[in-house]
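> Just dropping this structure here.
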């Protein structure tokens, strides 16, 4: 089947307009109090510095948190710290609801339904929770309006899940050559140590609002199940049916990989522009620049096809139609410079049509 063909028999809703991964990615999400989903707040009134010395970091040479690493001027967000504290119990109730529903539907009868999650299962559950606001907003059945209607706890949980997914990703990078890595239960302390060592807890505008101890506690709740006092949250019962959990996870995976492809397009564009500008300062640049542009377009085509593959999955999971993906349609949203300049190049610089018959790699 061609990646641009829709599988037969999918249940696609006709009432909602077409949706795209780019729209899902770039739509601003705010909770009931008007606070945006993004963890790096752009509004000065949402960022208030707090003494951060309780966040000790034992990696002396780390660029991570003050005071263990070199002191920095990036503050912790007092707003985020308060929201995390206020939402934490409900967040763990949501974790229990999503985790239980996932395990009941993915583990065979007779297995340990409540046992620890392995790395692959943890990635699934965290990806679903990370993209829960997006799923609730864009599904065809009972979608939430995008502004000021998402419960605060779901927005805070999305950020926590995103950071925790990053912690598992750091551990995967560390042990990427180890066999059966995804089938193993990840070590919580090692995950937290690695993201602290890499400096991942310091953003552009704020430092992570969770202490290392709280990150360990949250990861423990995801991997092993929350402590008994944290019951399933009524928020999930009111907004997400347990039957939707596997669709939520698959939706999160598709959006995540689509976003990865978009970020790679941005990196390709910037790197190729840098190379071309540098080569223009040297003698006889036309042949090299043309070859670089041909390689760029070939690499972009593969990523655009993969975005469309994931977008078709997203449409099926949401019950929505999806549009056609092209490099030209993505360029304005991603800020790509090369697609809009190729037509203005002198003939000797223009890339030749791609005659490569090798099929692109499709990441399913």
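Numbering (the numbering used here), first residue to last: 1203 to 1566.
Using N, Cα and C, we set each Cβ at its ideal position, and we do this for glycine too.
The model shown is predicted, which means the values in this text are computed figures rather than measured ones.
(1) Does the beta-carbon distance from residue 1467 to residue 1536 come in below 7 angstroms?
(2) Applying the 10 Å Cβ sphere with the 16-neighbour rule, what's the burial state of residue 1298?
(3) For a quick check, are the C-beta atoms of residue 1223 and residue 1457 less than 7 angstroms apart?
(4) Using only the alpha-carbon positions, how far apart do residue 1550 and residue 1478 sit?
(5) Look at the alpha carbon of residue 1521 and the alpha carbon of residue 1422, and state the distance between them as a whole number of angstroms.
(6) I need the boundaries of the alpha helix (DSSP H) containing residue 1502, first residue and last residue.
(7) Roughly how far, in whole angstroms, is the beta-carbon of residue 1233 from the beta-carbon of residue 1353, given that I think they are within contact range, below 8 angstroms?
(8) What residues are listed by DSSP as bridge partners for residue 1233?
(9) With three or more C-beta pairs closer than 8 angstroms as the rule, is the region 1442-1459 touching the region 1510-1518?
(10) Hey, is the region 1288-1306 in contact with the region 1438-1454, meaning 3+ C-beta pairs nearer than 8 angstroms?
(11) Identify every run of the beta strand (DSSP E) within the region 1366-1407, keeping only runs that are complete inside it and at least 3 residues long; order them along the chain.
(12) Does the distance from the CB of residue 1470 to the CB of residue 1553 come in under 7 angstroms?
(13) Just to confirm, is the Cβ distance from residue 1321 to residue 1386 under 7 angstroms?
(14) In terms of residues, what are the limits of the alpha helix (DSSP H) holding residue 1326?
(15) Rounded to the nearest angstrom, how far is the Cβ of residue 1324 from that of residue 1370, given a contact under 8 angstroms?
(16) Along the alpha helix (DSSP H) that carries residue 1528, what are the first and last residues, could you check?
(17) Have a look at 1285, 1539, 1504, 1473 and flag the residue whose alpha-carbon is nearest the alpha-carbon of residue 1410.
(18) Would the beta-carbon of residue 1296 fall within 7 angstroms of that of residue 1359?
(19) Can you tell me which residues form a DSSP beta bridge with residue 1221?
(20) Could you give the DSSP three-state label for residue 1250: helix, strand or coil?
(21) Note down the Cα distance separating residue 1393 from residue 1508, rounded to an integer number of angstroms.
(22) Quick one: is residue 1361 buried, meaning 16 or more other Cβ sit within 10 Å of its Cβ, or exposed?
(23) The alpha helix (DSSP H) that contains residue 1457, what's its start and end?
(24) What are the boundary residues of the alpha helix (DSSP H) that includes residue 1420?
(25) Looking only at its chain, what residues have a beta carbon closer than 8 angstroms to the beta carbon of residue 1461, apart from the 5 residues adjacent to it on each side?
(26) Compare the beta carbon distance of residue 1448 and residue 1339 with 7 angstroms and say whether it is the shorter of the two.
(27) For the alpha helix (DSSP H) that contains residue 1440, what are its first and last residues?
(28) If you run the structure through DSSP and keep just helix, strand and coil, what is residue 1238?
(29) Near residue 1283, which residues of its chain fall below 6 angstroms by C-beta distance, leaving aside the five closest residues on each side in sequence?
(30) Expressed to the nearest angstrom, what Euclidean distance is found between the alpha-carbon atoms of residue 1400 and residue 1525?
(31) How would you call residue 1474, buried or exposed, if buried means at least 16 neighbouring beta carbons within 10 angstroms?
(32) So what's residue 1311 in DSSP terms, helix, strand or just coil?
Taking the geometry as given:
(1) yes
(2) buried
(3) yes
(4) 14 angstroms
(5) 34 angstroms
(6) Taken as a continuous stretch (DSSP letters only), the alpha helix (DSSP H) holding residue 1502 covers 1488-1520.
(7) Indeed they touch by this definition, with Cβ atoms about 7 angstroms apart.
(8) Residue 1233 is bridged by DSSP to 1352.
(9) yes
(10) yes
(11) With a minimum length of 3 residues, no continuous beta strand (DSSP E) run stays inside the region 1366-1407.
(12) no
(13) yes
(14) 1321-1332
(15) Right, their Cβ atoms sit about 6 angstroms apart.
(16) Per DSSP, residue 1528 belongs to no alpha helix (DSSP H) and is neither H nor E.
(17) 1285
(18) yes
(19) 1524
(20) In this prediction, residue 1250 scores a pLDDT of 43, lower than 50, which makes its location untrustworthy; the coordinate-derived value is nonetheless stated afterwards. In this structure, residue 1250 counts as coil in the three-state DSSP scheme.
(21) One C-alpha to the other measures close to 30 angstroms.
(22) Around the beta carbon of residue 1361, a 10 Å sphere encloses 16 or more other beta carbons of the protein chains shown; the residue is thus reported as buried.
(23) First-last of the alpha helix (DSSP H) with residue 1457: 1447-1481.
(24) Start and end: 1414-1426.
(25) 1223, 1227
(26) Cβ distance not < 7 angstroms, so residue 1448 and residue 1339 don't count as in contact.
(27) 1436-1441
(28) strand
(29) 1411
(30) 39 angstroms
(31) buried
(32) Of the three classes helix, strand and coil, the one that applies to residue 1311 here is coil, per DSSP.
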